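Peer 1: Pasting a structure below so you can have a look.
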Amino acid sequence: AAFYALVPAAGSGARMGGEKPKQYLPLAGRPLIWHGLRALCGVARISRVFVVLSPHDADWVAHDWSTFGTKLMPLFCGGATRADSVLNGLRATADQVRAEDWMLVHDAARPCLTSAQVDSLIDTVCRDSPGDGGILALPVADTLKRADEHAAIATIAATVPRSGLWQAQTPQMFRHGDLLRALASGKDAQAIEAITDEASAMEMLGFRPCLVKSDPGNLKVTYPSDQRLAEWILQQRGE
Ligand code: CTP
Ligand code: MG
């Protein structure tokens, strides 16, 4: 089976509050999305990296992507939600990707991914979980509190044991055909709401994706403070 990457990048970055979508905000001298694309394109086994952009995207063409050559392919088929964007991207690539090929779905908003992390995900999934796929994730380090929903102020109702809890990251790696079926099968609004990543859609169909240990450096840029931290991480690596 071949390996492909799919990068949803059709969001508006509302929580970041920038003057353009966060994937295009400057980060270490490049648009933010550039760094994750470089990590994915740098993995020799990945044949092509598809980027799912909004049909109204006006920023993509303003940048130079030539360093990635024909390995990079933009698709202007983004949808209303992240899951819609991924589903549209899977449908748009169904003529070039076989059902048994692997799709590595990676948020444009995670710029500090390294090619070594991608290689570790691919190696582990192919060895341990070739039927179910897997994701990069991080064991939870903080003590977790559940808030009392009925209290007037935020009050602790319980301490949630953190043992066995992991934070999901991306890339998330599944067979193209399985993932297409999983994301297309959200039956009711409740099921669709519960699909917050690719793995959750796969779990609903009974798949048991494996967790591949990542590190905190692969953070998601959501707020301006995350952008500053991501920039610092890239600069430490000399990028
Ligand atoms: N995304 C997408 N299509 C959407 C919404 C999100 O492709 N309709 C992508 C984003 O571009 C991002 C990734 O999904 O790379 C993770 O989403 P998130 O961090 O929530 O980004 P935004 O939705 O852009 O940010 P916000 O929720 O703050 O508006
Ligand atoms: Mg969002």
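Quick note: the sequence shown, position 233, residue 244 per UniProt numbering, numbers continuous.
Glycine included, C-beta positions come from ideal geometry on N, C-alpha and C.
All values derive from a computational prediction rather than experimental measurement.
#1: May I ask you to list the residues that DSSP assigns as paired with Lys156?
#2: For Arg93, I'd like the list of residues in its chain whose CB is within less than 6 Å of its CB, leaving aside the five on either flank, ordered along the chain.
#3: If you run the structure through DSSP and keep just helix, strand and coil, what is Gln107?
#4: Return the chain-ordered ranges of every beta strand (DSSP E) run that is complete within the region 71-146 and spans a minimum of 3 residues.
#5: Taking 8 Å as the threshold (C-beta atoms), are Cys52 and Lys82 in contact?
#6: Suppose you measure from the CA of Ile133 to the CA of Tyr15; what does that come to, to the nearest Å?
#7: Do Gly144 and Phe185 have their C-beta atoms within less than 8 Å of each other?
#8: Do Met84 and Leu17 have their C-beta atoms closer together than 8 Å?
#9: Need the endpoints of the alpha helix (DSSP H) that Pro235 sits in, please.
#10: Check whether the Cβ atoms of Leu149 and Asp226 lie closer than 8 Å to each other.
#11: Just list the alpha helix (DSSP H) runs in the region 190-227, keeping only unbroken ones of 4 residues or longer that don't cross its boundaries, in chain order.
Peer 2: In short, the structure shows the following:
#1: Under DSSP, Lys156 forms a beta bridge with Thr170.
#2: Closer than 6 Å at Cβ, skipping near neighbours: Pro19.
#3: In the structure shown, the three-state DSSP call for Gln107 is coil.
#4: Counting whole runs of 3 or more residues, the region 71-146 contains the beta strand (DSSP E) stretches 83-86 and 113-116.
#5: In this structure, the beta-carbon distance from Lys82 to Cys52 falls below 8 Å.
#6: Those two C-alpha atoms are separated by around 11 Å.
#7: Contact: yes.
#8: No, the pair does not count as a contact, with Cβ atoms beyond the cut-off.
#9: Here the alpha helix (DSSP H) through Pro235 covers Pro235 to Gln247.
#10: Pairing Leu149 with Asp226 gives a Cβ-Cβ distance under 8 Å.
#11: The DSSP assignment places complete alpha helix (DSSP H) segments of no fewer than 4 residues inside the region 190-227 at 200-205 and 209-215, in order along the chain.
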